[in-house]
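One structure is given here, and the rest of the page talks about it.
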Amino acid sequence: MVTLRAFRALRPVPEKAARVAAVPYDIICEAEARSVIARNPLSFLRISLSEAELTENADYSNDQVFSKAVENLHQFIKNGIFIQDAEPSIYVYQLSNNIRKQTGIVACCSIDEYERGIIKPHETTRPDKVENRKAQMLALRAHTGLIFLAFRSNEKVKNLISKVTSQAPIYDFSCEDSIRQTIWRVSQPDEIIRAFSDIQTLYIADGHHRLESAAKVREIMRQQNSLHTGEEEYNYVMAGLFPSDELQILPYNRIIKDLNGLTHNEFLKKLTENFVIQEAKEKKPSKSGDFCMYLGDSKWFKLRYKKNNAPDDDKIENLDVSILHRFILSPILGIQNQRTDARIEFVGGIFGPEELEKYVDTGHAKVAFSLFPISIDELFEIADSGKILPPKSTWFEPKLKDGLLIHLFGDKL
């Protein structure tokens, strides 16, 4: 049973929303953020990635970074860029383009339900990233970005959402990425909240570090509050919940900076031990077990996995990302830990094979691998079994925007 809670969102006034909306802090680098802020001083990156406003290449502390975030948030409120809804509400959030759309609910979820396993992860978190977001949340006393949750499609929930989307939205605009952002406020949310009580499990699609950070913050706030009841706002975290049949998972492709001392021919020969290799025109694999590989000179190869040494019921070892690691990255290219080895980089599938070609052709990498994406059902099955996916296995697209809805959990701004 999933518990949802309405909240009084802090949000931009409608005429400023398109300029405030920003990509998540963790998919943009500081240099790119500086460029965005220079063009658009209303970008929420001034709060979510506030180091981009400090002196470039300076040695600044987390306290300086998050003090700047607090200063900027207060300035946005003072200048009338942000308002707070008068009554607790939930929100319907739709992302769409000419090809597809996904429509879900934004509400607060119980951190207890995350710790009890009702909200299931599929990735491990890095302690340094958790500490960073924890410090940001404590400084702002706010959850400023949506945790992206998925649930198995539910007709009752979908029908209730459809009733809302027939009404006038509070926001309706398109971003630079051509994704239309439409949000409706639901000031009488009880029926939708009751419908979610029939849903047994939520799955983290994106936002593992944000959710783990919120759990750490809740524990700190609980210890500091001698009158803790469990109903305080810090016991709940803001999330966007979307039905599984509307979600799109793209591959998380890999580029490698060297061939571990091998020539092209030596590398190709080693690959033939476990893969059938042929030159190919296609740049994206059409099914699981196939890989497309780029070595430069405008030449792509198709790799087809020959056999599987893993048991058929071992879902993790049978994933393409695992096959790539077990038979290529680790034994041939010498990459044992994908999280820490500086020779490997990850490229979201949204950027396409042309981006992989660019990395190799410019000399930044020696080889690129284009993968077939994992399915949402595979993700659910693995999460239900309590297992964890290999690093960078999923890229959900489109990304939910930061800055359109903020959940405050402190006594004051």
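Under my numbering, the first residue of the sequence shown carries the number 327, and numbering increases by one thereafter. Here a beta-carbon is modelled for each residue, glycine too, at the ideal position from N, C-alpha and C.
Close beta carbons around residue i, own chain, < 8 Å, minus the five adjacent residues each side
i, result
"I487", "V418, T429, G430, I431 and I518"
"K625", "E605"
"M327", "I444, S523, D524, I525 and Q526"
"I505", "L421, S422, N423 and P724"
"S701", "I575"
Integer-rounded CB distance, given that residue j should sit under 8 Å from residue i
i, j, result
"P414", "I575", "Not really, about 33 Å apart at Cβ, beyond 8 Å."
"T720", "Y578", "6 Å"
"P453", "K725", "Rounded, the Cβ-Cβ distance is 24 Å, inconsistent with contact."
"I732", "A468", "5 Å"
"A743", "L573", "A question about residue 743 goes unanswered here, because the residues of the chain that appear run from 327 up to 739."
"F593", "I658", "7 Å"
"Y562", "I437", "7 Å"
For residue i, the nearest candidate out of the options (CA to CA)
i, options, result
"Y560", "R506, K460, F593 and G622", "K460"
"R669", "K684, G660, I530 and F677", "G660"
"R580", "A335, L650 and Q507", "L650"
"C355", "V647, I444, A378 and N586", "A378"
"L466", "A412, L399 and S656", "L399"
"M499", "L472, A343 and D532", "Strictly speaking, residue 499 in this sequence is Phe, with Met absent from that position. Measuring from the Cα of F499, the nearest candidate turns out to be A343."
"F706", "Q420, E449 and R345", "E449"
"R372", "R345, D385, S387 and A384", "R345"
"E608", "L472, K482 and P679", "P679"
"S369", "T589, T598, A347 and A412", "A347"
"D411", "T598, S513 and M619", "S513"
"L588", "E382, V693, L629 and I353", "V693"
"F477", "A709, K727, L734 and L715", "A709"
"E502", "N366, V563 and T329", "N366"
"E439", "L528, L375, F653 and V483", "L528"
"L655", "L730, D385 and N586", "N586"
Same chain only: Cβ atoms within 7 Å of residue i, ignoring 5 sequence neighbours per side
i, result
"D667", "I661"
"Q390", "L380"
"T613", "Note that residue 613 is Lys in the sequence shown here, rather than Thr. So the list reads F698, once near-sequence residues are dropped."
"E681", "V673"
"V647", "L697, P716 and S719"
"D687", "G622"
"E683", "Y620"
"P752", "Absent from the structure is residue 752, since the part of the chain shown begins at 327 and ends at 739."
"K610", "C618, P679 and S696"
Own chain partners of residue i with C-beta closer than 6 Å, once the 5 adjacent residues on each side are dropped
i, result
"A717", "In the sequence under discussion, the amino acid at residue 717 is Pro, which differs from the Ala named in the question. Cβ within range, chain order: Q664 and R665."
"R426", "none"
"E723", "Q574, L576 and I676"
"V362", "S369 and L371"
"H535", "T451, K455, V456 and R459"
"Q550", "none"
"S570", "A476, R478, S479 and I702"
"D616", "R630"
Beta-bridge partners of residue i, as assigned by DSSP
i, result
"M564", "C434"
"N579", "V673"
"P569", "F477"
"R337", "I409"
"D352", "DSSP lists no partner for D352."
"A694", "I581 and Y620"
"I420", "Note on identity: in this sequence residue 420 is Gln, with Ile being the wrong assignment. DSSP output for Q420 lists T429 and T508 as bridge partner(s)."
"L330", "C435"
"S415", "F333"
Going residue by residue through the segment 596 to 684, where are the continuous beta strand (DSSP E) segments of at least 3 residues, counting only ones entirely within it? 601 to 606, 616 to 620, 626 to 631 and 670 to 674
Going along the chain, which unbroken runs of the beta strand (DSSP E) with 3 or more residues stay wholly within the segment 424 to 505? 427 to 436, 473 to 477 and 497 to 500
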